[in-house]
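Presented below is the structure to which this report refers.
Given below as structure tokens:
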């Protein structure tokens, strides 16, 4: 990782010296399976006589020529090519060999175990175009890009421009693409291999016929529902072209589903890449379909906001991602069949709230002094908090004013770079509002506030006074304005919980009195963020919380249920509600939950509450009782539903007793099928991994299922199952392999580490030695891996699952010692350890609360 950083100051200085005009890039992908040949020609203006550098990460540089003159290859050092005595107009030509990657960075190479076919794809955000060709790697140095790619016979190539007919050359095929419009390096793309797919088209608002393509590797072709994907894409085009008032800016729109992908997707201009887990081998749940549709729309939103108009530097990364996050949910709710998409958004918002409570919290508009700071800020604040705040901004300035201002912003800065100030200026004109004070408290200050009701009741049981207090939960956070709804709920004659009143309130400052509630009968439940409009932590009063625990299964509205569960989860994480009470509440809600996004989230929280937040003395009993309850729910749930499948998976994750595993064995072997449940290949792997964890299956069963499923997903599942074996030898081998074997592909690595921790809840003592092993290896892992792999390894191996469950080990104190002794380490690395420590401390806080017992 050393030598790969770039500071904002360096980027600013370089932007004052050079202005690139065009790139011509020739890649030869036939030179071997380790490296490929890369030739780059850059035409650029410069300050005459000045010096600067270009970026390149290469195995070897063969030749550097500047303005026709040979430059010694020694000028290539520390992943930079140093250029001196520049002319007013320059031409730089570099010939190099670059490395294929297996980390999802640069040009990723993959051999499909299903058929032996090789595939390549690029992933360049943030700074990884330089792993493929010579660049000026920063977003404000836009240029045109003309790519040529030589491939073996039988391959196709996709890029930002439409794919040309190839010509035959000695090595195979050559694809010469037309130049792109002015774009940044990080949204260029090269996808090459024997990809297959389907094509279609749509008519843009300006009358152009836009070609569409949907592609995947050959072994997934039978599962590629391209028609559904293109239908969602057409719905998105219609919504965004109308909302922005600007036609789609590129010549075509390809969507490629690729293996071993690091993220959900990437907004390469006109050439979007997605993780191919979005190609479903098994029947997907409604939430999986909705999530894919949301990702499709998220990347499409970027074509205007991010690609057509791009940030100058990464401190406005949030604006790119928050905007796409907000617009994708808006388009999903208003332009597709997913009309309840804002319920799914609640999961994303909770991600932002959780991130905002870490010691590493930062303003939405964060300072990005260098690329390492950028990499760690692809987080819940940048995406979800920012989207929540933009949702409020639309309400604050008015929807029509917002989109008129957005149209002006996109029009004025097309094919250029812009800043937050540029956007706010346009919104101030269209709305007539001064937005600087709003931006200060919401965008430029970190942290979150906490809202709680304060209730006084008279002798008749009516409200005498109700107020909402606001406090800065994060030290230093300003008290912010919120527009929210307050609602009361009661049990009706039919035994259902229904809304008895609802008022909208502007909350500002330390306390806001709700005059409209004075004299009203006190309801059984008071909810102060009804509809989940405000970005804040929410508390329930004691009576309302107890009512929710006992009656949540009577609440018919899915948004209200989700809001209550979210508030309860936040209280559990803060040690204000016992894990036992939360588990009771959540298991009571599970059988009536109709929204699959909410059920998916709820079941995941139950598992975390049982394994991380339950008091050590209670955990064994709680594990068994939770499994018992899930088993009852599985048997009682309607056949063939998404709920049934999710509950079976949750049972497999939480099973601990002989009764649990005997039931799972019956499902896996087919001896005791569950009516309506399709035990497909993916569910088989889930069941088998649970049985391996129990010691009821092993290598023979793993090998047999691998033979039945000789695919990439099968290999990853097998790696997880093998790492799940309850053996000190297996744990030691998995740990060593994960931290030292750079040949293991990224997704396989994460599968192995998931298996590694499989017994932490039931046998924490087996992991005692790994606390010291972790802290001894942190710096080495960081220094010896790329940023993405190194940071993920440091997160995935942090020993927080042991916090509170091993009396002889104090994870929080050990992290504190490491931080004190490694102050010289990069801020990005220290942040990862600090976040792990905060999670471990949160576990201790929740466990102490649970030890006090449930509410009576």
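Numbering (full-length UniProt numbering), first residue to last: 1 to 856.
Where a beta carbon is used, it is the ideal one built from N, C-alpha and C, also for glycine.
**Request:** Assuming residue 44 contacts residue 61 (C-beta within less than 8 Å), just tell me the rounded distance between them.
**Result:** Not confirmed; about 19 Å, so no contact.
**Asked** Counting pairs of beta carbons, one from the segment 12-29 and one from the segment 141-148, are three or more of them closer than 8 Å?
**Response** Under the Cβ criterion (8 Å, minimum of three pairs), the segment 12-29 counts as touching the segment 141-148.
**Asked** In three-state terms, what does DSSP make of residue 763?
**Response** Residue state for residue 763 is assigned as coil, using DSSP reduced to three classes.
**Asked** Are the segment 638-655 and the segment 676-686 touching by the rule of at least three beta carbon pairs closer than 8 Å?
**Response** The segment 638-655, when compared against the segment 676-686, does touch it at the 8 Å Cβ threshold.
**Prompt:** Helix or strand or just coil, what does DSSP make of residue 829?
**Reply:** Three-state result, residue 829: helix.
**Request:** Pick helix, strand or coil for residue 1, following the three-state DSSP scheme.
**Result:** A caution first: residue 1 carries a pLDDT of 47, below 50, which makes its placement in the model unreliable, though a value can still be read off. The answer is coil: DSSP assigns residue 1 none of H, G, I, E or B.
**Asked** Buried or exposed: which applies to residue 850, given that a residue is buried once 16 or more other Cβ atoms fall within 10 Å of its Cβ?
**Response** Label assigned to residue 850: buried.
**Request:** Drop a sphere of 10 angstroms on the beta-carbon of residue 759, count the other beta-carbons inside from all chains shown, and report buried for 16 or more, exposed for fewer.
**Result:** So residue 759 ends up on the buried side.
**Prompt:** Would you say residue 450 and residue 537 are within 7 Å of each other, going by their C-beta atoms?
**Reply:** Yes, they are a contact pair.
**Prompt:** Looking at residue 739 and residue 777, is the spacing between their C-beta atoms short of 7 Å?
**Reply:** Between residue 777 and residue 739, the gap from beta carbon to beta carbon is short of 7 Å.
**Rounded straight-line distance, which links the Cα of residue 508 to that of residue 135** = In a straight line, the C-alpha of residue 135 is about 49 Å away from that of residue 508.
**Request:** For the beta strand (DSSP E) holding residue 649, just list the boundary residues, first then last.
**Result:** Unbroken run through residue 649 is the alpha helix (DSSP H), 642-654; no beta strand (DSSP E).
**Request:** Taking residue 243 and residue 345 to be in contact with their CB atoms under 8 Å, please state how far apart those CB atoms are, rounded to whole angstroms.
**Result:** Going by Cβ atoms, the distance from residue 243 to residue 345 rounds to 17 Å, so no, they are not a contact pair.
**Distance between beta carbons of residue 326 and residue 281, contact taken as under 8 Å** = Contact annotation, residue 281 with residue 326: C-beta distance approximately 31 Å; criterion of less than 8 Å not satisfied.
**Asked** Taking DSSP as the reference, what is the three-state secondary structure of residue 46?
**Response** Of the three classes helix, strand and coil, the one that applies to residue 46 here is strand, per DSSP.
**Prompt:** Can you list, in chain order, the residues of its chain whose CB lies under 6 Å from that of residue 569, leaving out five sequence neighbours each side?
**Reply:** The residues are 605.
**Request:** Give the range of the alpha helix (DSSP H) segment to which residue 625 is assigned.
**Result:** Start and end: 616-636.
**Request:** Could you tell me how far apart the beta carbons of residue 342 and residue 329 are, in whole angstroms, since I believe they sit closer than 8 Å?
**Result:** With 8 Å as the limit, residue 342 and residue 329 qualify as a contact, their Cβ atoms being about 6 Å apart.
**Prompt:** Distance, Cα to Cα, residue 118 vs residue 225?
**Reply:** Taken atom to atom, the span from the alpha-carbon of residue 118 to that of residue 225 is near 22 Å.
**Message:** Please tell me whether residue 79 and residue 370 are closer than 7 Å, where the distance is taken between their beta carbons.
**Reply:** When the beta-carbon positions are compared, residue 79 and residue 370 stay at least 7 Å from each other.
**Message:** Please report the straight-line C-alpha distance between residue 306 and residue 240, rounded to a whole angstrom.
**Reply:** Taking the CA atoms as reference points, residue 306 sits about 14 Å from residue 240.
**Message:** Does residue 252 pass the burial test, meaning 16 or more other C-beta atoms within 10 Å, or should it be called exposed?
**Reply:** Burial call: buried.
**Request:** Flag this pair as yes or no: are the beta carbons of residue 295 and residue 245 separated by less than 7 Å?
**Result:** Contact flag unset, no.
**Asked** Residues in its own chain within less than 8 Å of residue 715 by CB, not counting five upstream and five downstream?
**Response** Within the same chain, residue 715 has close Cβ partners 113, 706 and 748.
**Helix, strand or coil at residue 674 according to DSSP, with G and I counted as helix** = Judged by DSSP in its simplified three-state form, residue 674 adopts coil rather than helix or strand.
**Message:** I'd like the list of long-range same chain contacts for residue 300, defined as Cβ closer than 6 Å, with 5 residues on each side in sequence excluded.
**Reply:** Excluding positions up to five away in sequence, the list reads 236.
**Asked** CB-CB under 6 Å to residue 786, same chain, minus the five flanking residues each way: which ones, in chain order?
**Response** The beta carbon of residue 786 is closer than 6 Å to those of 103 and 105 in its chain, skipping five residues each way along the sequence.
**Request:** Could you check if residue 409 is buried or exposed, using at least 16 other CB atoms within 10 Å of its CB as the buried criterion?
**Result:** Classification for residue 409: buried.
**Prompt:** Cα separation between residue 312 and residue 186?
**Reply:** The C-alpha of residue 186 is placed about 13 Å away from the C-alpha of residue 312.
**Asked** Where does residue 823 land, buried or exposed, given buried means 16+ other C-beta within 10 angstroms?
**Response** Around the beta-carbon of residue 823, fewer than 16 other beta-carbon atoms lie within 10 Å, marking it exposed.
**Message:** For a test of the three-state rule: what should DSSP assign to residue 327, helix, strand or coil?
**Reply:** If DSSP states are grouped into helix, strand and coil, residue 327 belongs with the helices.
**Message:** So for residue 108, helix, strand or coil by DSSP?
**Reply:** For residue 108, the three-state secondary structure derived from DSSP is strand.
**Asked** For the beta strand (DSSP E) that residue 145 lies in, which residues bound it at each end?
**Response** Where residue 145 is concerned, the enclosing beta strand (DSSP E) stretches over 144-151.
**Asked** Does DSSP put residue 102 in a helix, a strand or coil?
**Response** In the three-state reduction of the DSSP assignment, residue 102 falls in the coil class, being assigned neither a helical nor a strand state.
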